[in-house]
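Engineer: Protein chains in written order, with our numbering: chain D, 1224 to 1536; chain Y, -18 to 265.
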Amino acid sequence: MCGIAGLIHRGKSSNVGQELQGMLQALKHRGEDSTGYALYGDTDGKNFIMRFKVGENVAEGSSSVKEDISVYDSRKRQVDIFLSELGAKIVKEERILPYSLRYEIEYNNDLMEFSKKIESVPGVEILSMGKSLEVIKDLGNAKAVCERYNLDKLIGTHAIGHARMATESGVDIKSAHPFWGYPFSDVSVVHNGQLTNYWNNRRMLENKGMRFMSECDSELIAVYLAEKMRSGASLEEGMKESLTGLDGVFTYFVATKDSLGMAKDTMAAKPLVLYESDDLVAMGSEEIAIRSVLPQEIDTYDPFDGMVKVWQI
Amino acid sequence: MANLKTSDKKTKAQSMGLHTEVLTGKTQQKFFNPDEAENFFYWGTYDVDFNKRTDLDVQNLDCKEANRKIDELMSQGYGTIVIKNPQGKHSLGVGILNKLNLIFEGSLGYFGVGSIDGPIVRINGRVGWSCAENMMAGKVVIEKNAGSCFGAAIRGGDLICKGSVGARTGIDQKGGTIIIGGDAGAFTGFMMQRGRIIILGDVGINLGDSMYDGTIFIGGKIGSFGSDAVESPMTKSDIDWLKRKLKVAEIGDNFDVSKMTKVVAGKKLWNYDALEPTEKKGAI
C-alpha cells in the first residue's frame, strides 16, 4: 500500500533528515521493502549535488542480480571520464556505499544532455541532481536507510519521503521512490497509489524525449510533471493537469527547491492527512506520521478529492 | 439465561435469539425478538457503573494493549473511562459491546471505535479513516475533522462529526444516523442501503452514488449527484425529525433545516423490498 510523508518549514531551517526519518518510520507498517528521502538541504547554491548509483543493493529480499564490486568501480571510472568530457568539475566526492555515490559538481550547461551522457554508462542512474535536493533511497525501513546514509544530521527547509511496499515492480533501488523530475534541477516526486494509463503516457512521453529508468508507475508522475514544465507550465499548472492526464488512484507530493505541493485524485481513494500552520506544513498517509514531529494535540484534515496545493518555504 | 460460553457453535446464535433457523438467504433471516430481551446474554459485555471513573494513558501502549486494558477496566465495573494521549493511534476502542462512557482526550488514527454496540464515545480531536465502521448502536461524537469512509457500514446509533469529513462517508450504511457539521467529500452515501445522513455544509461529487435506500440531507452545495440518487421534496416530518436530531446531537444551532436538500434513491432495486418486516424495522 505504501506510505508517503512530507514537511516544509516556512521561514526557517530544521533537522529535516531526522524529522522525515521519524515520519517514515511511523509509516513502516505500510511497507518497508524500500524507503526513500528527498531532502532539501541548506547549501550555498553554487554547485550541483549529484546522487547516483552504479549498482543495486543485493541484500536479502532484493530482486536485483549480484554483481562484483569491480563492476561498480569500472562504472564509476567511466562516469568520471564522462564528467570531464562534459566540462563538469568534481568539487567533492563521497562513496557512501559501494554502489552509492555523492558528488558535488561545478557545471553550467544543459542537464538533459548531462544526464543522458552519464546514464549511458550501463547500470548507472542519477538519483537526483540539484543545488539543494538530495535523493537517497535504498532497501529497508526508514531507520535502516537513515543510519546507512547518515541522514539524521541534515539541516534543510523541506523534505518528502516514501515507505514502499513493492507491488507492480521489483524490490530494488531503481523502483524505489522518490523519483527525480529529470531533467529539472531540484524536482522530486513521491506517490501512493496506482496509475492505470502508465504505458500510454510512457510511450507518449518517450516520444517527446523523456527518459524512464524503471517500470514503476510512480516514475510517470515525475516525468509527466517535468514534461509539462519543459513545455512552459508552472508546477501547479502541471499538477492540476495531472488530475485528468493521469488515470487511476493517487496521492502524490512534489517538491522543488523552494516549494512543496500535493495532489489528490478525483476519487480521493488514497489517504492523506494534512497539518498547516504559518511556520510548518506536515502531511502523511496517516496522522501518526505527523505526530512523530508534532506530538501535541493539533488540528489536521483530509484534503478533498481533486485537491492541489503548493506551499513555498 | 442462555449461557453462550457453554453453547456449541451451532446453537449459539439461536440461543441469543438472533434467528430461529439455519440461514439460507437474506430474506429468510429472522432478527432478534425484543420480547426475549430479558433472557438476552451478550458475550463479552459487563455490568458497569457510569459513576465509577478512571483514566488510562495509552501513550506507551500499542492498540492491542490499550484495547485489552479498556476491556479489563470494564470487567472491573468502570463505566466512564478517559483515554489520555491517543496520539493518532489506530484501532483504539474497537469491539466494545456494552454501555460505557468512553472519552478520548486527543485524536485517533484509522478504524477508531469500530464494531461497537452501545457505548457513548466522545473524541476531543480528529479521527482517521473508517471511524466507527460497522457500529451497531450507541453514540459517537467527534469534536474536530474525520477522514474518509466515516461510518462505513454502520447499522445503528448516532455518529456525529462537528468538523468536516473525507470521501465515502456512510459507504454501505445500513442504518443509524450520521451527522456532519462541516463539509463532506466525494461519494458520500455510496451504496447506502438504510439510515440517514445529515451534512450541514457542502458535499463533493457523486453524492449517493448507487444508493439502494436511505435518505441524505444536505445543507450546502452539492458537487454532483451519483447514479440512482435524486432530489426529493422535504416533508414536515423530515423537518421535525431534523430539528430534533440536531438538537439532541448538540450541533447546528439555529440552522434552517427547511432549506436543506433531501436526496433519496431514484431507482427501486429488484426484490429489495422483499425483506422481512423485522429486518426493515431493525435496520431503520
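A virtual CB, placed ideally from N, CA and C, is assigned to each residue, including glycine.
Please read these numbers as outputs of a predicted model, since none were measured by experiment.
On the DSSP bridge list, what partners appear for D:H1385?
Structural biologist: Counting from one through the first sequence, the residue named residue 1385 of chain D turns up at place 162. For D:H1385, which the question treats as bridged, DSSP gives the partners D:I1227 and D:G1259.
Engineer: Between which two residues does the alpha helix (DSSP H) holding D:S1297 run?
Structural biologist: If you number the first sequence from 1, residue 1297 of chain D lands on position 74. Unbroken alpha helix (DSSP H) run through D:S1297: I1292 to L1309.
Engineer: Can you tell me whether Y:G106 is helix, strand or coil according to DSSP?
Structural biologist: The residue labelled residue 106 of chain Y in the question sits at position 125 within the second sequence. Three-state result, Y:G106: coil.
Engineer: Please work out which residues of its chain come closer than 6 Å, Cβ to Cβ, to Y:G132, disregarding the five sequence neighbours upstream and downstream, and give them in chain order.
Structural biologist: Sequence index remark: in the second sequence, residue 132 of chain Y carries index 151 (1-based). Cβ-Cβ distances below 6 Å link Y:G132 to A113, L140, G151 and I159 in the same chain, with the five nearest sequence neighbours on each side left out; the list follows chain order.
Engineer: Taking the alpha-carbon positions, what's the Y:K11 to D:S1508 distance?
Structural biologist: Here the question's residue 11 of chain Y lines up with position 30 in the second sequence. Here the question's residue 1508 of chain D lines up with position 285 in the first sequence. Only weak support exists for where Y:K11 lies, its pLDDT of 49 falling under 50; the coordinates are left without a value.
Engineer: Leaving out the 5 sequence neighbours to the left and right, which residues in its chain are closer than 6 Å to D:Y1330 when beta-carbon positions are compared?
Structural biologist: Reading the first sequence from its first residue, position 107 is the one you call residue 1330 of chain D. Once the five neighbours on either side are set aside, the close Cβ partners of D:Y1330 are F1271 and A1311.
Engineer: Mind checking which residues open and close the alpha helix (DSSP H) that includes D:S1167?
Structural biologist: The structure shown does not extend to residue 1167 of chain D, since chain D spans only 1224 to 1536, so no value can be given for it.
Engineer: Could you name the residues of the segment 1515 to 1528 of chain D whose beta carbon sits closer than 9 Å to any beta carbon of chain Y, in the order they occur along the chain?
Structural biologist: P1518, E1520, I1521, D1522, T1523, Y1524, D1525, P1526, F1527 and D1528
Engineer: State the Cα-Cα distance for the pair Y:G119 and Y:I101, rounded to the nearest angstrom.
Structural biologist: Counting from one through the second sequence, the residue named residue 119 of chain Y turns up at place 138. Counting from one through the second sequence, the residue named residue 101 of chain Y turns up at place 120. Whole-angstrom Cα-Cα distance: 6 Å.
Engineer: Quick check on D:Q1519: buried or exposed, where buried means 16 or more other Cβ atoms within 10 Å of its Cβ?
Structural biologist: Looking up residue 1519 of chain D in the first sequence gives position 296. Exposed: under 16 other Cβ atoms inside 10 Å.
Engineer: For D:H1381, which residues of its own chain have a beta-carbon under 7 Å away from its beta-carbon, when the five flanking residues on both sides are left out?
Structural biologist: As a position in the first sequence, residue 1381 of chain D is number 158, starting the count at 1. If we look at D:H1381 and ignore the five residues flanking it on each side, its Cβ neighbours are L1230, I1231, H1232, V1239, Y1263, A1478, L1483 and I1536.
Engineer: Considering only the alpha carbon of each residue, which of Y:L188, Y:N82 and Y:G147 lies closest to D:V1496?
Structural biologist: Counting from 1 along the first sequence, the entry for residue 1496 of chain D is found at position 273. Among Y:L188, Y:N82 and Y:G147, the Cα nearest to that of D:V1496 belongs to Y:G147.
Engineer: For the segment 40 to 56 of chain Y, which residues have a CB atom closer than 8 Å to at least one CB atom of chain D, in sequence order?
Structural biologist: Within the segment 40 to 56 of chain Y, not one residue has a Cβ closer than 8 Å to any Cβ of chain D.
Engineer: Use the C-beta contact count for Y:I186: other C-beta atoms within 10 angstroms, 16 or more gives buried, fewer gives exposed.
Structural biologist: Your numbering for residue 186 of chain Y matches position 205 in the second sequence. In this structure Y:I186 is buried. Its beta-carbon is surrounded by 16 or more other beta-carbon atoms within 10 angstroms.
Engineer: Can you give, in chain order, each stretch of the beta strand (DSSP E) that sits fully within the segment 1417 to 1503 of chain D and has at least 3 residues?
Structural biologist: 1471 to 1478, 1482 to 1487 and 1496 to 1499
Engineer: From D:A1367 to D:H1385, what distance separates their C-alpha atoms?
Structural biologist: By one-based count along the first sequence, residue 1367 of chain D stands at place 144. By one-based count along the first sequence, residue 1385 of chain D stands at place 162. The C-alpha of D:H1385 is placed about 14 Å away from the C-alpha of D:A1367.
Engineer: Over the uninterrupted beta strand (DSSP E) stretch that includes D:Y1326, give me the two end residues.
Structural biologist: One-based indexing of the first sequence puts residue 1326 of chain D at position 103. S1323 to E1329 is the extent of the beta strand (DSSP E) around D:Y1326.
Engineer: Start and end of the alpha helix (DSSP H) containing D:R1514?
Structural biologist: As a working mapping, residue 1514 of chain D is identified with position 291 in the first sequence. Note, D:R1514: alpha helix (DSSP H), E1510 to R1514.
Engineer: Rounded C-beta distance between Y:R103 and Y:V122? I'm assuming under 8 Å.
Structural biologist: Here residue 103 of chain Y refers to the residue found at position 122 of the second sequence. Here residue 122 of chain Y refers to the residue found at position 141 of the second sequence. About 5 Å separates the beta carbons of Y:R103 and Y:V122, which is inside the 8 Å limit, making them a contact pair.
Engineer: Determine the contact status of Y:S96 and Y:N115, defining contact as a CB-CB distance below 8 Å.
Structural biologist: Against the second sequence, residue 96 of chain Y aligns to sequence position 115. Against the second sequence, residue 115 of chain Y aligns to sequence position 134. In this structure, Y:N115 lies closer than 8 Å to Y:S96 by Cβ.
Engineer: Below 8 Å between beta carbons: does that hold for Y:S191 and Y:M215?
Structural biologist: The residue labelled residue 191 of chain Y in the question sits at position 210 within the second sequence. The residue labelled residue 215 of chain Y in the question sits at position 234 within the second sequence. With contacts defined by Cβ atoms closer than 8 Å, Y:S191 and Y:M215 do not form a contacting pair.
Engineer: To the nearest angstrom, report how far apart D:E1464 and D:Y1421 are at their CA atoms.
Structural biologist: By one-based count along the first sequence, residue 1464 of chain D stands at place 241. By one-based count along the first sequence, residue 1421 of chain D stands at place 198. Between D:E1464 and D:Y1421, the C-alpha separation is close to 15 Å.
Engineer: May I ask which residues mark the beginning and end of the beta strand (DSSP E) holding Y:V29?
Structural biologist: Here residue 29 of chain Y is taken as the residue at index 48 of the second sequence, counted from 1. Neither: Y:V29 is in no beta strand (DSSP E) and is coded neither H nor E.
Engineer: Which bits of chain B does Y:Q68 rub up against, with CB to CB less than 8 Å?
Structural biologist: The chain inventory of the structure shown lacks chain B, comprising the protein chains D and Y.
Engineer: Tell me, please, which residues DSSP counts as bridged to Y:F85.
Structural biologist: As a first step, residue 85 of chain Y is located in the second sequence; it is residue number 104 there, counting from the start. Its beta-bridge partners are Y:I64 and Y:I104.
Engineer: How many Å lie between Y:D30 and D:T1474 at the Cα?
Structural biologist: In the second sequence, residue 30 of chain Y corresponds to position 49, counting from 1. In the first sequence, residue 1474 of chain D corresponds to position 251, counting from 1. Distance between the alpha carbons of Y:D30 and D:T1474: 46 Å.
Engineer: Are any of the Cβ atoms in chain Y nearer than 8 Å to that of D:P1494?
Structural biologist: Residue 1494 of chain D sits at position 271 when you count from the first residue of the first sequence. The beta carbon of D:P1494 sits closer than 8 Å to some beta carbon of chain Y.
Engineer: In this structure, does DSSP put Y:G119 in helix, strand or coil?
Structural biologist: Counting from one through the second sequence, the residue named residue 119 of chain Y turns up at place 138. Here Y:G119 sits in strand by DSSP.
Engineer: Need the endpoints of the beta strand (DSSP E) that Y:A246 sits in, please.
Structural biologist: In the second sequence, counting from the first residue as 1, residue 246 of chain Y sits at position 265. Run containing Y:A246: T242 to A246, per the beta strand (DSSP E) assignment.
Engineer: Taking buried to mean at least 16 other C-beta atoms within 10 Å of its own C-beta, is D:G1461 buried or exposed?
Structural biologist: Against the first sequence, residue 1461 of chain D aligns to sequence position 238. With 16 or more Cβ atoms within 10 Å of its Cβ, D:G1461 is classed as buried.
Engineer: Applying the criterion that 16 or more other CB atoms from any shown protein chain within 10 Å of the CB defines a buried residue, is Y:S208 buried or exposed?
Structural biologist: Here residue 208 of chain Y corresponds to residue number 227 of the second sequence, with the count starting at 1. Label assigned to Y:S208: exposed.
Engineer: Can you list, in chain order, the residues of its chain with a C-beta nearer than 6 Å to that of D:G1529? Leave out the 5 residues immediately preceding and following it.
Structural biologist: By 1-based counting over the first sequence, the position of residue 1529 of chain D is 306. Closer than 6 Å at Cβ, skipping near neighbours: L1466 and T1489.
Engineer: Using 10 angstroms around the beta-carbon of Y:K125, count the other beta-carbons present and answer buried if the total reaches 16, otherwise exposed.
Structural biologist: The residue you call residue 125 of chain Y lines up with position 144 of the second sequence. It is buried - the Cβ of Y:K125 has at least 16 other Cβ atoms within 10 Å.
Engineer: Kindly indicate the opening and closing residues of the beta strand (DSSP E) around Y:S213.
Structural biologist: Counting from 1 along the second sequence, the entry for residue 213 of chain Y is found at position 232. Per DSSP, Y:S213 belongs to the beta strand (DSSP E) from A210 to S213.
Engineer: Which bits of chain D does Y:K65 rub up against, with CB to CB less than 8 Å?
Structural biologist: As a working note, residue 65 of chain Y is residue 84 in the second sequence. Going along chain D, no residue has its Cβ under 8 Å from Y:K65, so there is no contact; the nearest lies around 11 Å.
Engineer: Closest to D:E1510 by C-alpha separation, out of Y:H71, Y:G176, Y:K65 and Y:G200, would be which residue?
Structural biologist: By 1-based counting over the first sequence, the position of residue 1510 of chain D is 287. Selected option, being the one with the closest Cα: Y:H71.
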